[in-house]
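**Student:** One structure, as structure tokens, below. Some questions next.
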Amino acid sequence: MYDIDDVGVFLGLDVGKSAHHGHGLTSAGKRVFDKQLPNSEPKLRAVFDKLAAKFGTVLVIVDQPASIGALPLTVARDAGCKVAYLPGLAMRRIADLYPGEAKTDAKDAAVIADAARTMPHTLRSLEVTDEITAELTVLVGFDQDLAAEATRTSNRIRGLLVQFHPSLERVLGPRLDHPAVTWLLERYGSPAALRKAGRRRLVEVIRPRAPRMAQRLIDEVFDALDEQTVVVPGTGTLDVVIPSLARSLAAVHEQRRALEAQIGQLLEAHPLSPVLTSIPGVAVRTAATLLVTVGDG
-7 MYDIDDVGVF LGLDVGKSAH HGHGLTSAGK RVFDKQLPNS EPKLRAVFDK LAAKFGTVLV
53 IVDQPASIGA LPLTVARDAG CKVAYLPGLA MRRIADLYPG EAKTDAKDAA VIADAARTMP
113 HTLRSLEVTD EITAELTVLV GFDQDLAAEA TRTSNRIRGL LVQFHPSLER VLGPRLDHPA
173 VTWLLERYGS PAALRKAGRR RLVEVIRPRA PRMAQRLIDE VFDALDEQTV VVPGTGTLDV
233 VIPSLARSLA AVHEQRRALE AQIGQLLEAH PLSPVLTSIP GVAVRTAATL LVTVGDG
């Protein structure tokens, strides 16, 4: 149970993008604050300091600790207030016990404050692990954006290859995640450019990036080139478009690799990491996604 013995005022915040609604109650249930707060540090700090000077310890409670709720919680901590989190599901169930069906910011803030005052067992403490989760949420979201961009770019490359040289797409399309293949397409983006470079030279330049696959890959590429003797109109544009797309795809893959290292470091610092990574088939990215989705697992 959350310790509320020394709390002088319970300040429930229904957080919003531009403003939050605050509702303050004393331990006896007397309302001492009920108004909107702009989402800015000076305004928030002024309210926290004023309540603390008059009533002593202030407990700030939110139902959304991440994203739009991050600033008020950070300012509250810095101002010497206690902070707590009322999970959204619990908050909605408690709200059903209060009269009136309308859902307003003022009512939600009042419900949060009164729940903290009368039902402290519903509160959850915000610890260092929540800071880790907040950072993971940002990184995982960015990684998912990059994954979507990689899929879009890969599909575009494969679509062009299918249009102009289907045999070549069957060889290179499924391997676009491999750095050696994106490097190859950055420099030789069309069937003509690949054929002009020659089998021996391509094997030599690819081998440092794919030692075990180099000879087999280039053999398959030239087998695919030999399958199609006609040149589809528009094939010449591949020399411009494919290298550009391949560079974009390689850059996205590089960003995702760097992000995975950062996500892995944060994940290791979380106490739930050993549990998540012990699950069969769950690696760093999946474990981090589970953690930010489940939250207080």
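Residue numbers for the sequence shown follow this note's numbering, beginning at -7 and rising by one. All residues carry an ideal CB built from backbone N, CA and C; glycine is no exception. None of these values were measured; they are calculated from a predicted model.
Taking the continuous beta strand (DSSP E) assigned at proline 183, which residues delimit it?
**Tutor:** No beta strand (DSSP E) holds proline 183; the alpha helix (DSSP H) holding it covers 183 to 189.
**Student:** Cβ of glutamine 136 within 9 Å of Cβ of threonine 281?
**Tutor:** Yes, these two residues count as a Cβ contact at 9 Å.
**Student:** If you draw a straight line from the alpha carbon of valine 173 to that of valine 276, how long is it in whole angstroms?
**Tutor:** Distance between the alpha carbons of valine 173 and valine 276 is about 25 Å.
**Student:** So valine 1 is in the alpha helix (DSSP H); what residue range does that whole segment cover?
**Tutor:** Valine 1 -> not in any alpha helix (DSSP H); beta strand (DSSP E) instead, spanning -1 to 6.
**Student:** When you compare only the Cα positions, how much space is there between glutamate 259 and alanine 62?
**Tutor:** Checking the sequence, you will find leucine at residue 259 rather than glutamate. Cα-Cα distance, rounded: 20 Å.
**Student:** Can you give, in chain order, each stretch of the alpha helix (DSSP H) that sits fully within the segment 237 to 284 and has at least 4 residues?
**Tutor:** Entirely contained in the segment 237 to 284, the alpha helix (DSSP H) runs reaching 4 residues are, in chain order, 265 to 269.
**Student:** Could you give the distance in angstroms between the alpha-carbon of leucine 194 and the alpha-carbon of isoleucine 255?
**Tutor:** If I take the Cα positions, the gap works out to 36 Å.
**Student:** Tell me the DSSP secondary structure of aspartate -5 in three-state form.
**Tutor:** Aspartate -5 falls in the coil class under three-state DSSP.
**Student:** With DSSP as the reference, label aspartate 55 as helix, strand or coil.
**Tutor:** Residue state, collapsed to three classes: coil.
**Student:** My guess is that valine 244 and leucine 138 are in contact by the Cβ rule of under 8 Å, so how many angstroms apart are they, rounded?
**Tutor:** With a Cβ gap of about 5 Å, valine 244 and leucine 138 count as contacting.
**Student:** If contact is defined by three or more beta carbon pairs under 8 Å, each pair taking one atom from either stretch, is the segment 145 to 153 in contact with the segment 197 to 206?
**Tutor:** The segment 197 to 206 is not in contact with the segment 145 to 153.
**Student:** Considering only the alpha carbon of each residue, which of Gly8, Phe214 and Thr143 lies closest to arginine 162?
**Tutor:** The shortest Cα separation from arginine 162 among Gly8, Phe214 and Thr143 belongs to Phe214.
**Student:** By how many angstroms is the C-alpha of arginine 69 removed from the C-alpha of leucine 251?
**Tutor:** Rounded to the nearest angstrom, the two C-alpha atoms are 29 Å apart.
**Student:** Can glycine 0 and leucine 43 be called in contact, C-beta distance under 9 Å?
**Tutor:** Going by C-beta atoms, glycine 0 is nearer than 9 Å to leucine 43.
**Student:** Would you grab the beta carbon distance between glycine 181 and leucine 230 for me? Rounded to a whole angstrom, and I think it's under 8 Å.
**Tutor:** Right, their Cβ atoms sit about 5 Å apart.
**Student:** Please report the straight-line C-alpha distance between aspartate -5 and histidine 13, rounded to a whole angstrom.
**Tutor:** Those two C-alpha atoms are separated by around 24 Å.
**Student:** Would you list the residues sitting across from valine 163 in a DSSP beta bridge?
**Tutor:** Note: valine 163 sits in no beta bridge, so no partner.
**Student:** Measuring CA to CA, which of Leu164, Gln247 and Asp41 is closest to leucine 3?
**Tutor:** Checking every option, the nearest Cα to that of leucine 3 belongs to Asp41.
**Student:** If you compare alpha carbons, which of Thr125, Leu17 and Asp(-3) is closest to serine 265?
**Tutor:** Out of Thr125, Leu17 and Asp(-3), Thr125 has the C-alpha closest to the C-alpha of serine 265.
**Student:** Do you know whose CA, among Thr143, Ile86 and Leu131, lies nearest histidine 113's CA?
**Tutor:** The option with the nearest alpha carbon to histidine 113 is Ile86.
**Student:** Exposed or buried, alanine 107, counting other C-beta atoms within 10 Å across all chains shown (16 or more means buried)?
**Tutor:** Flag for alanine 107 reads buried.
**Student:** To the nearest angstrom, how far is the alpha carbon of arginine 109 from that of valine 39?
**Tutor:** Taking the straight line from one Cα to the other gives about 19 Å.
**Student:** What do you reckon, are the CB atoms on isoleucine 104 and leucine 5 nearer than 9 Å?
**Tutor:** Contact: yes.
**Student:** On the DSSP bridge list, what partners appear for valine 75?
**Tutor:** DSSP lists Val52 as partners of valine 75.
**Student:** Assign glycine 133 to one of two classes, buried (16 or more other C-beta atoms within 10 Å of its C-beta) or exposed (fewer than that).
**Tutor:** Flag for glycine 133 reads exposed.
**Student:** Between Pro30, Asp(-3), Leu17 and Ala20, which lies nearest to lysine 9 when the distance is taken from Cα to Cα?
**Tutor:** Among Pro30, Asp(-3), Leu17 and Ala20, the Cα nearest to that of lysine 9 is on Pro30.
**Student:** Just verifying my parser: in three-state terms, what is the DSSP assignment at arginine 179?
**Tutor:** Residue state, collapsed to three classes: helix.
**Student:** Determine the contact status of histidine 15 and alanine 76, defining contact as a CB-CB distance below 9 Å.
**Tutor:** Contact flag unset, no.
**Student:** In whole angstroms, give me the CA-to-CA distance for glycine 228 and serine 159.
**Tutor:** So the alpha carbons of these two residues sit roughly 17 Å apart.
**Student:** Going by DSSP in three states, alanine 20 sits in which element: helix, strand or coil?
**Tutor:** Residue state, collapsed to three classes: coil.
**Student:** So, at 6 Å on beta carbons, what are the nonlocal neighbours of arginine 179 in its own chain, with the 5 sequence-adjacent residues on each side left out?
**Tutor:** Excluding sequence neighbours, arginine 179 sits near nothing in its chain.
**Student:** Along the chain, where does the alpha helix (DSSP H) containing leucine 115 start, and where does it finish?
**Tutor:** Unbroken run through leucine 115: none, as it is neither H nor E.
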